[in-house]
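Participant: Here's a structure for you.
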Amino acid sequence: MSYQTALAVVLAEGCVFFLIAAFGLRAKLARFIPKPVRLACVAGIGLFIAFVGLQVHQGVGLMGPDSATLVTVSACASTNPVTGECTGGKMRSPMFWLGSVGFLITLFGLMKEIKGSMIYGILFVAVISWFQGTTVTIFPNTPLGNSNYKAQALCTLAEIGGFLNDKGNIEGEYLAYMVDAGTTVVGAVLGISPVATFVESSAGIREGGRTGLTTVIVGVYFLLSLFFVPLLSSVPPWATGPSLVMVGVVMMKVMVEIDWNNIKEAVPGFVTMLLMPLTYSISNGIIAGIGLYIALELIDYFGGWIKWLIKMRRVVSKEQNQVSATAGIEMV
11 MSYQTALAVV
21 LAEGCVFFLI
31 AAFGLRAKLA
41 RFIPKPVRLA
51 CVAGIGLFIA
61 FVGLQVHQGV
71 GLMGPDSATL
81 VTVSACASTN
91 PVTGECTGGK
101 MRSPMFWLGS
111 VGFLITLFGL
121 MKEIKGSMIY
131 GILFVAVISW
141 FQGTTVTIFP
151 NTPLGNSNYK
161 AQALCTLAEI
171 GGFLNDKGNI
181 EGEYLAYMVD
191 AGTTVVGAVL
201 GISPVATFVE
211 SSAGIREGGR
221 TGLTTVIVGV
231 YFLLSLFFVP
241 LLSSVPPWAT
251 GPSLVMVGVV
261 MMKVMVEIDW
271 NNIKEAVPGF
281 VTMLLMPLTY
291 SISNGIIAGI
301 GLYIALELID
311 YFGGWIKWLI
321 KMRRVVSKEQ
331 NQVSATAGIE
341 MV
């Protein structure tokens, strides 16, 4: 599929979303998602993001593939560039340990409620990784490395930001859905990558960004970043991985709102959270959670109906026995 065709698909999708949002159907569809599944989506996506932040080539590299157990502890000094499997020296990766230091810097800043703590952790790791001649450099001593060296993420965010009312609905959801769909259409028309609401934005919410002004400021910074593309594109994954893990931590707080003593809520919620990172798909987790919730509701409904039929049968049998006994006495 060419990028023109892909953008056309995104444009068509955005138009459909815009019409659904304009008629208020998107909010109604969102309410059809059972509460335990909706809450579990937040935690499940958090686990998914944290899982990515721990992987080889995408994060700090603590976890890697294994032919026997699927995943295992990695942080290896050397890995297979294609499969990511460890080829020697587990827990000896200097990039992992540097990323861990950046993670601790982020945690210390968050404990002290210092604004921008995640950025400070990323910058610390990134700046150190920009120096050539070290074991943690992102610019290897190769022609390409030297050339680069010289050239130099709605319901979920609402849960985290506390924007839900007493009924569990998002405050100003109509406008939020309209803007979300409208920007998708505009982005596709302009030929840029899809514009959507990403759960990674929870990092901004954690830092205090809760109004539309935050988005405007971020947009201005994105515009300024065009002049620093070579530099910003050189931020290594072991610098951003710790922040992804921290985003996952922030998103786990909604788990306490699930009634874990109620099997009809606990099991669908757990399956939703479990399948998102394990199947590497958010949609698989949502589908499985909703399907299991509906199945349990149907079993409960038909089980109650069958109990009622059995009870009624016993009552009828008892009445028939009493009538038969009375008739026998009269005959005597």
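When you line the sequence shown up against the numbering used here, it's residues 11 to 342, in that order. Backbone N, C-alpha and C fix where the C-beta goes; we use that ideal spot for every residue, glycine too.
1) Using C-beta distances below 7 Å, list every residue in its chain close to Gly98, excluding the 5 sequence neighbours before and after it, in chain order.
2) Classify Pro252 as helix, strand or coil using the three-state DSSP reduction.
3) Which residue from Gly126, Tyr290, Met265 puts its Cα closest to that of Gly279?
4) Output the residue ranges of the alpha helix (DSSP H) runs that lie fully inside the region 224–283 and measure 4 residues or longer, sorted by chain position.
5) Answer yes or no: do Phe42 and Met286 have a C-beta to C-beta separation smaller than 8 Å?
6) Pop quiz: Phe106 and Gly71 are said to be a contact at Cβ under 8 Å. What is the actual Cβ separation, rounded to whole angstroms?
7) Can you list, in chain order, the residues of its chain with a C-beta nearer than 7 Å to that of Ala136? Leave out the 5 residues immediately preceding and following it.
8) Run through DSSP, which three-state label would Leu51 get?
9) For Ala161, count the other beta carbons within 10 Å of its own beta carbon; 16 or more makes it buried, fewer makes it exposed. Which is it?
10) Under the three-state reduction of DSSP, which class applies to Leu154: helix, strand or coil?
11) Just verifying my parser: in three-state terms, what is the DSSP assignment at Ser77?
12) Please state the DSSP three-state secondary structure of Ser88.
13) What whole-angstrom Cβ distance do Ser84 and Val66 have, given they're in contact under 8 Å?
14) Report back the beta-carbon spacing between Ser253 and Gly131 to the nearest angstrom; my notes put them in contact at under 8 Å.
15) Can you tell me the Cβ-Cβ gap for Gly94 and Pro75, rounded? I've got them flagged as a contact below 8 Å.
16) Kindly indicate which residue of Glu307, Val325, Lys125 has the alpha-carbon position closest to the one of Pro44.
17) For Cys96, which beta-bridge partners are listed by DSSP?
18) DSSP puts Gln330 in a beta bridge; with which residues?
Facilitator: This is what the structure gives:
1) Cys86, Ala87, Ser88
2) helix
3) Met265
4) 239–242, 247–261
5) no
6) 5 Å
7) Val245, Pro246, Ala249
8) Note on identity: in this sequence residue 51 is Cys, with Leu being the wrong assignment. Cys51: helix per DSSP, three-state reduction.
9) In this prediction, Ala161 scores a pLDDT of 37, lower than 50, which makes its location untrustworthy; no coordinate-derived value is stated.
10) Any answer about Leu154 is weak, because its pLDDT of 49 lies below 50 and its placement is not dependable; what the coordinates show is given next. It is helical.
11) Looking at Ser77 - three-state DSSP - the assignment turns out to be coil, as it is neither helix nor strand.
12) Ser88 carries a strand assignment under DSSP once its states are collapsed to helix, strand and coil.
13) 6 Å
14) 7 Å
15) 5 Å between Cβ atoms; contact.
16) Glu307
17) According to DSSP, which records beta bridges pairwise, Cys96 is partnered with Thr89.
18) Looking at the DSSP assignment, Gln330 forms no beta bridge with any residue, so it has no partner.
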